[in-house]
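A.B. asks: 1 is the number of the first residue of the sequence shown in the UniProt record's numbering; add one for each residue after it.
Backbone N, C-alpha and C define an ideal beta-carbon position, used for all residues, glycine too.
Given the structure is predicted, the values throughout are model-derived calculations rather than measurements.
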Amino acid sequence: MDEWFEKQRREMLRIIEKFTPEDGTHDTKVPGLRLIRSSRLSEPVYSVYEPSLCVVAQGSKVVMLGQEVYQYDPSSYLTASVHLPITGQVVGASSESPYLSLQILFDMNQMLDVIQVSGEVIRPEKETSRGLRVSRVNDTLLDAVLRLLKLVETPRDIPVLAPYIMREIIYRVLQNENSAALMQFAMTGSHAHRIAGVVEKLNREFAQPLRVEELAAEARMSASSLHEYFKQVTGMSPIQFQKQIRLQEARRLLFSGSIDAAEAAFQVGYESPSHFSREYARMFGMPPVRDVRRLRSSIV
């Protein structure tokens, strides 16, 4: 890292440390900006990434999408173009040098506006690709991200400056190496945009029976094309995607509430508790009751 880059990174560190007094995800007064802190290596955490930009100031993180592994650190950043069920794990952190990062949520309407104003064009052969990408950080993007982060220290500036800096960040991301992979999802009528609609529906209606023919009709595709494009974007089939969303939600319900495994199974769409338990154990490594007991005992 050159001297300028290191100076910018240290300023990011200072601000994120100041506004993350404890481990976890912290919302800020800047719309769409979250700060993350972890003072230790984490176990795999199952969650759904929203369309966003993730930048690391210190440490490193691994994200798994299906069978694919993405790792990013201060020299790189991650973009998610669509809601995706992922497994995340902090792999570089300690109490002396905690993992510190930020996440900026994307407004796809704002992204479309930036694309139209900038005159960017998507080449057809790159219209559909994976919804998760890791790219190299460059100076212009880092400068814009830091200026947005600095607004948490001057709240009165947020209403005026934040929208303009957000547009600049989107513009800088669209100029980078993987821009087509993000632009495609904002372009109405593109295959990626239609798959994004299917992804949104599955995230919203995960407990409902999966009917591929109906999803394909809504996306104006054949069932075979839907399956092909869906896998290109998410790295998994629609049924695998739905299963991961269901199981992650069931785990959340079990951990945060007083319902039993059978009730959680029914709430997320399983008809058979035994089938649910088998799939739960296959994904999380142990049956529901044991897994939740372990999770609770691990919280200090």
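Using a 10 Å radius around the Cβ and a threshold of 16 neighbouring Cβ atoms, would you call Leu117 buried or exposed?
C.D. replies: Indexing the sequence shown from 1 puts residue 117 at position 117. Per the sequence presented here, residue 117 reads as Val, with Leu not at that position. Exposed: under 16 other Cβ atoms inside 10 Å.
A.B. asks: For Ser39, which residues in the same chain have their Cβ closer than 8 Å to its Cβ, ignoring the five residues on either side in sequence?
C.D. replies: In the sequence shown, counting from the first residue as 1, residue 39 sits at position 39. These residues qualify, in order along the chain: Asp23, Ala93, Ser94, Ser95, Pro98, Tyr99.
A.B. asks: Just to confirm my understanding: we take Ser237, look at its own chain, exclude 5 residues before and 5 after, and list those with CB closer than 8 Å. What are they?
C.D. replies: Looking up residue 237 in the sequence shown gives position 237. Closer than 8 Å at Cβ, skipping near neighbours: His227, Phe230, Lys231.
A.B. asks: Quick check on this structure: which residue in Val82, Arg10, Ala144 has the alpha carbon closest to the alpha carbon of Val233?
C.D. replies: For the purposes of this step, residue 233 is identified with residue 233 of the sequence shown, where counting begins at 1. It is Val82 whose Cα lies nearest to the Cα of Val233.
A.B. asks: Can you find the residues in the same chain that come closer than 6 Å, C-beta to C-beta, to Pro124, ignoring five residues on each side of it along the sequence?
C.D. replies: The residue labelled residue 124 in the question sits at position 124 within the sequence shown. Any reading at Pro124 must be qualified, since the residue scores a pLDDT of 45, below 50, and its modelled position is unreliable; the value itself is stated next. There are no such residues.
A.B. asks: Indicate the three-state DSSP secondary structure (helix, strand or coil) for Ile165 in the structure shown.
C.D. replies: Taking the first residue of the sequence shown as 1, we reach residue 165 at position 165. Note: Ile165 maps to helix in three-state DSSP.
A.B. asks: Please list the segments of the beta strand (DSSP E) lying wholly inside the segment 64-93, counting only runs of 3 or more residues, in order along the chain.
C.D. replies: You should have 68-72, 76-80, 84-92.
A.B. asks: Using DSSP bridges, identify the partner residues of Gly24.
C.D. replies: As a working note, residue 24 is residue 24 in the sequence shown. DSSP, once it has assigned bridges, lists Arg37 as partnering Gly24.
A.B. asks: Quick check: Val91 and Val45, are their CB atoms within less than 8 Å of each other?
C.D. replies: By 1-based counting over the sequence shown, the position of residue 91 is 91. By 1-based counting over the sequence shown, the position of residue 45 is 45. Going by C-beta atoms, Val91 is not nearer than 8 Å to Val45.
A.B. asks: So who's on the other strand from Ile104, going by DSSP bridges?
C.D. replies: For the purposes of this step, residue 104 is taken as the residue at position 104 of the sequence shown. In the DSSP output, where bridge partners are listed per residue, Ile104 has Leu33, Leu53.
A.B. asks: For Pro74, I'd like the list of residues in its chain whose CB is within less than 6 Å of its CB, leaving aside the five on either flank, ordered along the chain.
C.D. replies: On the sequence shown, residue 74 is found 74 positions in, with the first residue counted as 1. Counting only Cβ-Cβ distances below 6 Å, and skipping sequence neighbours, we find Arg9, Val56.
A.B. asks: Suppose the cutoff is 7 Å on Cβ atoms and the five residues either side in sequence are ignored; what does the same chain contact list for Leu35 look like?
C.D. replies: Mapped onto the sequence shown, residue 35 falls at position 35. Answer for Leu35: Ile16, Phe19, Thr20, His26, Thr28, Leu102, listed in chain order.
A.B. asks: Expressed to the nearest angstrom, what Euclidean distance is found between the alpha-carbon atoms of Arg282 and Thr87?
C.D. replies: One-based indexing of the sequence shown puts residue 282 at position 282. One-based indexing of the sequence shown puts residue 87 at position 87. Cα to Cα, Arg282 sits roughly 14 Å from Thr87.
A.B. asks: Which stretch, first to last residue, makes up the beta strand (DSSP E) that contains Arg211?
C.D. replies: The sequence position of residue 211 within the sequence shown is 211, counting from 1. Note, Arg211: premise wrong, no beta strand (DSSP E); not H, not E.
A.B. asks: With distance defined between alpha-carbon atoms, name the residue in Asp107, Ser52, Arg211, Val145 nearest to Leu13.
C.D. replies: Here residue 13 refers to the residue found at position 13 when the sequence shown is read from its first residue. Among Asp107, Ser52, Arg211, Val145, the Cα nearest to that of Leu13 belongs to Val145.
A.B. asks: Using C-beta distances below 6 Å, list every residue in its chain close to residue 303, excluding the 5 sequence neighbours before and after it, in chain order.
C.D. replies: For the chain, the structure presents residues 1 to 300; residue 303 sits outside this window and is missing.
A.B. asks: Closest by CA to Gln244, which one among Arg211, Phe284, Ala262?
C.D. replies: In the sequence shown, the residue the question calls residue 244 occupies position 244. Checked all of Arg211, Phe284, Ala262; the closest Cα to Gln244 is Phe284.
A.B. asks: Which residue from Tyr164, Arg204, Arg293 puts its Cα closest to that of Val111?
C.D. replies: Within the sequence shown, residue 111 is the residue found at index 111, counting from 1. Correcting the residue type first, residue 111 is Met in the shown sequence and not Val. That would be Tyr164, whose Cα lies nearest to the Cα of Met111.
A.B. asks: Is the Cβ-Cβ distance between Gln89 and Ser135 less than 8 Å?
C.D. replies: Against the sequence shown, residue 89 aligns to sequence position 89. Against the sequence shown, residue 135 aligns to sequence position 135. In this structure, Ser135 does not lie closer than 8 Å to Gln89 by Cβ.
A.B. asks: I'd like to know whether the C-beta atoms of Ile158 and Val30 end up nearer to each other than 8 Å.
C.D. replies: Counting from one through the sequence shown, the residue named residue 158 turns up at place 158. Counting from one through the sequence shown, the residue named residue 30 turns up at place 30. Yes, these two residues count as a Cβ contact at 8 Å.
A.B. asks: May I ask you to report which of helix, strand or coil DSSP gives Tyr171?
C.D. replies: Numbered from its first residue, the sequence shown carries residue 171 at position 171. Tyr171 falls in the helix class under three-state DSSP.
A.B. asks: Does the Cβ of Gln58 have 16 or more other Cβ atoms within 10 Å, making it buried, or fewer, making it exposed?
C.D. replies: For the purposes of this step, residue 58 is identified with residue 58 of the sequence shown, where counting begins at 1. Result: buried.
A.B. asks: By Cβ distance, which residues of its chain are closer than 7 Å to Ser76, with the 5 residues on each side in sequence left out?
C.D. replies: Residue 76 sits at position 76 when you count from the first residue of the sequence shown. Contacts found: Val134, Ser135, Arg136, Val137.
A.B. asks: Kindly list the residues whose CB is nearer than 8 Å to the CB of Arg246, restricted to its own chain and excluding five residues on each side of it in sequence; keep chain order.
C.D. replies: The residue you call residue 246 lines up with position 246 of the sequence shown. Same-chain partners within the cutoff: Phe206, Ala207, Val268, Gly269, Tyr270.
A.B. asks: Determine whether the beta carbon atoms of Phe266 and Pro85 lie at a separation below 8 Å.
C.D. replies: For the purposes of this step, residue 266 is taken as residue 266 along the sequence shown, with counting starting at 1. For the purposes of this step, residue 85 is taken as residue 85 along the sequence shown, with counting starting at 1. Cβ atoms of Phe266 and Pro85: not closer than 8 Å.
A.B. asks: For Met219 and Val198, which I take to be in contact (beta-carbon distance under 8 Å), what is that distance rounded to the nearest angstrom?
C.D. replies: Counting from 1 along the sequence shown, the entry for residue 219 is found at position 219. Counting from 1 along the sequence shown, the entry for residue 198 is found at position 198. Sequence check: residue 219 is Ala here, not Met. Indeed, because the Cβ distance is near 5 Å, the residues count as touching under 8 Å.
A.B. asks: How far does the alpha helix (DSSP H) with Val145 in it reach, from first residue to last?
C.D. replies: As a first step, residue 145 must be located in the sequence shown, where it is residue number 145. It spans 139-150 - the alpha helix (DSSP H) in which Val145 sits, taken as one unbroken run.
A.B. asks: The beta strand (DSSP E) spanning Val134 covers which residue range?
C.D. replies: Translated into the one-based positions of the sequence shown, residue 134 becomes position 134. Per DSSP, Val134 belongs to the beta strand (DSSP E) from 132-136.
A.B. asks: Hey, how far is the Cα of Ser297 from the Cα of Asp291?
C.D. replies: Numbered from 1 along the sequence shown, position 297 holds the residue referred to as residue 297. Numbered from 1 along the sequence shown, position 291 holds the residue referred to as residue 291. Taking the straight line joining both Cα atoms gives about 10 Å.
A.B. asks: Roughly how many angstroms lie between the CA atoms of Met187 and Leu210, to the nearest whole one?
C.D. replies: On the sequence shown, residue 187 is found 187 positions in, with the first residue counted as 1. On the sequence shown, residue 210 is found 210 positions in, with the first residue counted as 1. Cα to Cα, Met187 sits roughly 26 Å from Leu210.
A.B. asks: From Cys54, Ser258, Pro155, pick the residue whose C-alpha is nearest to that of Phe106; which is it?
C.D. replies: If you number the sequence shown from 1, residue 106 lands on position 106. Checked all of Cys54, Ser258, Pro155; the closest Cα to Phe106 is Cys54.
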